[in-house]
Amino acid sequence: MKKILSLGLTAALLVTTLAGCGGGEQSSSETTAASAGTSAAAESNDGAGAPASSGDTVEITWWAFPTFAQDADQPAGTYEAEIVAAFETKNPDIKVKLETIDFTSGPEKITAAIEAGTVCDVLFDAPGRIISYAQNGKLVKLDDMFTDEYIKDVDNEALLNSCKSDDGSYYMYPISTAAFCMAVSRQALEAADAMDCINTEGDRTWTTAQFEEMLKKLSDAGFNGATVYCSGQGGDQGIRAFVTNLYDSQVTNDEVTEYTLNDEGGIKALTKIKEWVDAGYMLNGSAYNGGEDVDQFVAGNTAFTTLWSPGLASQRAETLKENEIEAIALPFPSEDGTPELEYLVNGFCVFDNGDAARAEASKKFIDFLCNDEEWGPKNVVRTSVFPVRQTMGDLYSGDAEMQFYANLTKYYSPYYNTIKGFAEMRTYWFPMLQAVLNGDSTPEDAVNDFVSKANQSIANAQ
Amino acid sequence: MNMKKKTGILDILSMILLLILSFIFIFPFYWILTGAFKSQKVTVKLPPEWFPLNPTMDNFHKLMQNPALQWLWNSVFICAVTMLIVCAVSSMAGYVLAKKRFYGQATLFSIFVFAMALPKQVILVPLMKLVSFMGIHDTPWAIILPLCGWPFGVFLMKQFSENIPTELLEAAKIDGSGEIRTFGSIVMPIVKPGFGALAIFTFINTWNDYFMQLVMLNSRAKLTISLGVATLQQEFSTNYGVIMAGAAMAAVPIVAVFLIFQNYFTQGITMGAVKG
Amino acid sequence: MKHSKINKIRMRETLVSYAFLAPALFFFCIFVLLPMIMGVVTSFFRYNMKGMTFIGLDNYINMFKDEVWQKSLVNTLILVVGSVPITVLFALFVAAMTYEKNPFTRSFFRCVFFLPVVTGTVAVTVVWKWIYDPLNGILNWLLKSMNIIEKNIMWTGDKKFALWAILIILITTSVGQPVILYIASLGNVPKDYVEAAQVDGANDFQVFWQIKWPSLLPTTLYIVVITTINSFQCFSLIQLLTSGGPNYRTTTIMYYLYENAFKRFEYGYANAMGVVLALIIGLISFVQFKALGSDVEY
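Residue numbers (this note's numbering), protein chains in the order written: chain Z, 813 to 1274; chain L, 231 to 506; chain R, 14 to 311.
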């Protein structure tokens, strides 16, 4: 009797919760109608006092990574709030709710929010993540924003391709771009008598042989080389570009359909890097992420870094000055002296929250962010890199350093961040480097293993 | 005699070991407190500056440009409300689980224990769907309500309630005392220390439960102090001083709460687990 | 006749009990049980951003074949096996050293060892990260200035040290509660028993083992279970310090679960891991109850 009753009670409990669960599943299933209902419910209870999308004004949410530079000591979001204010004055029928996110926890937050149907309308990010959201059908197509005139203005096929998903539609509206490169400390190089190893003329291109000589001289003079950072996840494209350039390898084939890092050059580069680390020319960076490698460089603990960009240069300018270091930006060294560079693209995407009015308002806002006569160029400068639209012209006229960065555009390599399964591939990259640096497996085995897992990730994502 | 002397030496050695260990345990907190008053350059200096020779309030000025006080208030609000609900709800549930015999009791208790073993990350995505469905996303309630369901409090209060003498409850029943009156006049006074322990425990855990806050809260003004400090780590990645100032601001109130109430806490927590 | 009367009383008790349980059950069912069931159900699906397809036990089968999962299981077990006995011995040592001291000293040490718990993992980890830093960390600096090591050691990036570096922090953040518990329960051991034994000529070791230890068993059981659960769920330390590296040397099941859910968007696979983890924890707790609990008198 007792057993039956207790069983009955538990069963009843389970049934009720399962029923509730079923309801929950339904409401959150993939149909956009249901998710619209969810987010509308979230909206109306927001307490912000703003009317939901049914009224005359449309409210959209903007999530911003800290890509725009702030004025000295201003907290995150200050400059973004100015943009929003300017936009709302011009478009009184649209309200923009600004929320700042950071690179450490932001990606997780977006993932969870997408699943829960609480994600923002407009996101300011880069193709790596944006295109993977697009491939999963979470974004609104932006094809109508890429007019013929606009495409002609950009005039850079690699860059435009980086904004497309595999269905051929555009999902990211780019605002600015720059190449990733590396930087050396003039003070360290002069002290080590190694200035003749680098090239400070023209595009500053140099060869792997010159780089190796610099390593030796720095080491002899008692300087630390850069860390081969491979912890965390940020900045992985910097060290990837460093590896591929050394002996002319490529992460993927030209068609971006297959990983090819296990070619002769790739294996040779990894073998060489392992040798350099063992000889003390460079440091095993298994405990450092990209940002921490830059920290060590600007603090003067290491003589160069393999992660640098105009944006980083301006962010770290103050610290460099305090520590009396002059950073010389250089493209990555390569065997033949012609680098193939990876590049960042900053841009916006619109999440499909099932509300056409909000999607339209979001596009309008993006158009304002990128193309407003006053704010467009201003926003580009805040990203510290270069406009994608050529008609914006030279926003940094007279700045020789920026001219150097601008000239690197011609070395852009095929953009593979839009490949299927990119997010999964990234999780294999640092463990592979760690395996090489810690001697867990030979460079050849490690990179073969990496390529087979990475190729599998393309298949997994189909 | 001989033996006594031996243990004397052993005692001294043990005492030294204890002090060294204490030092290791205090150090992180000490370093956060002093680091908050150091300038950026000093924080990464080697050999380290053991005490801030030129204390600066700079870090706090920078911190205050963020809504740090608002964050602090949000944390206090969330923790206090969670604490109140958890204590009320768990003491009732814990009492009947320990002292009543009813159908489904064993099964129910096993479900509670299994739920504690299940990592929170597994229920996170479904939980977020639920929270957004209820329209409480990005409000303090998105943190408070789910934490109120977490069965740890029930588990703890059940342990405490085991101490209630069954004879007392039976005597009350014979006197004709109703269930609610029995709970109020007999059960509550006995489990009071446990109540205190649970309160402080819930407060501390909620204060430091960063993952839940991260996914549930978006607006900058609605963040908690722990979450705010975590986002500062990103913005000031190179400036240890500001991070330390933030960490100090997050840690000092909670350490103070612990110091003030530590007797309730230790008394209560002991009662539950030790059952003296 | 009698039987049905008992049943009647029992029914009444059941009704009253559920009335008292109602608020707790309300929160528990909605915010824990329901998501939990959804988690268990979705572990049988290929569930990612694209949608859900039922795949039966495939997630579980793949998991046991997954080399990284196997590594993370081993790492997790090392952390548990390392941290549980050390935490117990450590707490016992501290408690034994302090429980007879005056109340002020006692509460001082109680606070000291509870401090890392109260300070919060995020804040404590910031400091430890700096302690372990290969280039300007204080640990390398100390060891070098004492001439113990010549070259900087990469504590969190070296396969020989990384897991132990994590273990040390894990222990410092988990001995707080055990210390408090042991101080209290050592204080509860009846003094006359101890004195009687000493009069009978028992040495310190015998006094401890035969008189004190048995009365510490319930406390020990509680500590062992709580520490086991905490060590199994070790996650934020890994995320903040090593991200699972070098080469998965510090990847725990919790971290791998998180990586699958939040970096690869494989929610179904991650949930399957959560279910297995919960089963392992449940099983081990059960065994601990059996092994340690047989002597425990309630």
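For glycine and all other residues, C-beta sits at the position ideal for the given N, C-alpha and C.
Just so you know, these numbers come straight off a predicted model, no measurement behind them.
Counted within 10 angstroms of its Cβ, other Cβ atoms place residue i as buried (16 or more) or exposed
i	result
S847/Z	Note that S847/Z has pLDDT 36, beneath the 50 cutoff, so the model's placement of it is unreliable and the number below is only indicative. Its Cβ being crowded by 16 or more others within 10 Å, S847/Z is buried.
V288/R	buried
S1225/Z	buried
F307/L	exposed
M245/L	exposed
E927/Z	buried
S340/L	exposed
L28/R	exposed
K114/R	exposed
T843/Z	Only weak support is given to the placement of T843/Z: the predicted model assigns it a pLDDT of 35, under 50, and the value that follows is read from those uncertain coordinates. Per the 10 Å Cβ criterion, exposed.
L1030/Z	buried
T850/Z	At T850/Z the pLDDT is 38, less than 50, meaning the model places this residue with poor confidence; the figure from the coordinates comes in the next sentence. Buried.
T879/Z	buried
N232/L	Only weak support is given to the placement of N232/L: the predicted model assigns it a pLDDT of 43, under 50, and the value that follows is read from those uncertain coordinates. With fewer than 16 Cβ atoms within 10 Å of its Cβ, N232/L is classed as exposed.
T1056/Z	buried
A884/Z	exposed
D405/L	exposed
H367/L	buried
Spatially closest choice to residue i from the options, by CA coordinates
i	options	result
I74/R	S187/R, T264/R, I239/R and F58/R	F58/R
D79/R	Y261/R, Q301/R, C42/R and F299/R	Y261/R
P282/L	D288/L, N289/L and S269/L	S269/L
V131/R	N448/L, T461/L and F255/L	F255/L
S228/R	K204/R, T66/R, N243/R and E26/R	K204/R
P221/R	C42/R, D71/R and F106/R	This sequence places Phe at residue 221/R; Pro is not what is there. Ranking C42/R, D71/R and F106/R by Cα distance to F221/R puts F106/R first.
R23/R	N304/L, Y333/L and T286/L	Y333/L
A178/R	P48/R, T264/R, W168/R and R119/R	W168/R
G980/Z	N968/Z, D960/Z, N1183/Z and Q947/Z	Q947/Z
T989/Z	A970/Z, L1001/Z and A1271/Z	A970/Z
Per-residue contacts from residue i into chain L (C-beta, under 8 Å)
i	result
N75/R	What N75/R touches in chain L: nothing, since even the nearest Cβ is about 17 Å away.
Q886/Z	Q295
L47/R	P356 and L360
P36/R	A318, V319, M322 and A323
Beta-carbon neighbours of residue i, restricted to chain Z and to distances below 9 Å
i	result
T169/R	S1043, S1098 and A1099
K172/R	S1098, Q1246, N1250, G1251 and D1252
Pair within 7 Å by beta-carbon distance, residue i and residue j
i	j	result
E920/Z	A1053/Z	no
L327/L	K388/L	yes
F245/R	Y268/R	no
L1207/Z	V1193/Z	yes
A1033/Z	A995/Z	no
I1311/Z	Y982/Z	This structure cannot settle anything about residue 1311/Z, because the visible part of chain Z is limited to 813 through 1274.
Y1240/Z	K1265/Z	yes
R1238/Z	L1142/Z	no
V316/L	G383/L	yes
M313/L	A429/L	yes
Listed by chain order, chain R residues near residue i by CB distance under 7 Å
i	result
N438/L	G133 and T134
E1236/Z	R277
beta-carbon residue i near the ligand ATP non-hydrogen atom, thresh 6 Å
i	result
F67/R	Inclusion of the ligand ATP in the displayed structure is not the case, the ligand content being empty and no account of it being possible.
Interface residues of chain R facing residue i [CB-CB closer than 9 Å]
i	result
A480/L	T132, G133, V135 and A136
I926/Z	M62 and F278
7 Å Cβ cut-off: residues of chain L touching residue i
i	result
G287/R	L348, P349, Q351 and V352
A1111/Z	V274
Positions along the stretch 249-279 of chain R whose CB lies within less than 7 Å of some CB in chain Z: T255, S256, G258, P259, N260, Y261, E272, F275, K276, R277 and F278
Residues within the stretch 1243-1255 of chain Z neighbouring chain R, beta-carbon criterion of under 7 Å: P1243, Q1246, A1247, N1250 and D1252
Near-chain Z residues of the stretch 135-161 of chain R (beta-carbon distance less than 8 Å), N- to C-terminal order: Y145, D146, P147, L148 and N149
Chain-ordered residues of the stretch 270-298 of chain L with a beta carbon less than 9 Å from chain R: T273, V274, K275, L276, P277 and P278
Residues, ordered as in the chain, of the stretch 443-461 of chain L that lie near chain Z by beta-carbon distance below 7 Å: L444, V445, N448, S449, R450, A460 and T461
Within 7 Å of chain L by C-beta, residues of the stretch 221-246 of chain R in sequence order: P231, T232, Y235, I242 and Q246
Contact set between the stretch 396-428 of chain L and chain R, restricted to residues whose Cβ is under 7 Å from the partner: E409
Cβ-based contacts, 9 Å cut-off: residues of the stretch 101-116 of chain R near chain L: F103, F106, V107, A109, M110 and T111
Contact list for the stretch 938-968 of chain Z against chain R, Cβ threshold 9 Å: S944, Y945, Q947, N948, G949 and K950
Positions along the stretch 484-497 of chain L whose CB lies within less than 7 Å of some CB in chain R: I484, V485, F488, L489, Q492 and T496
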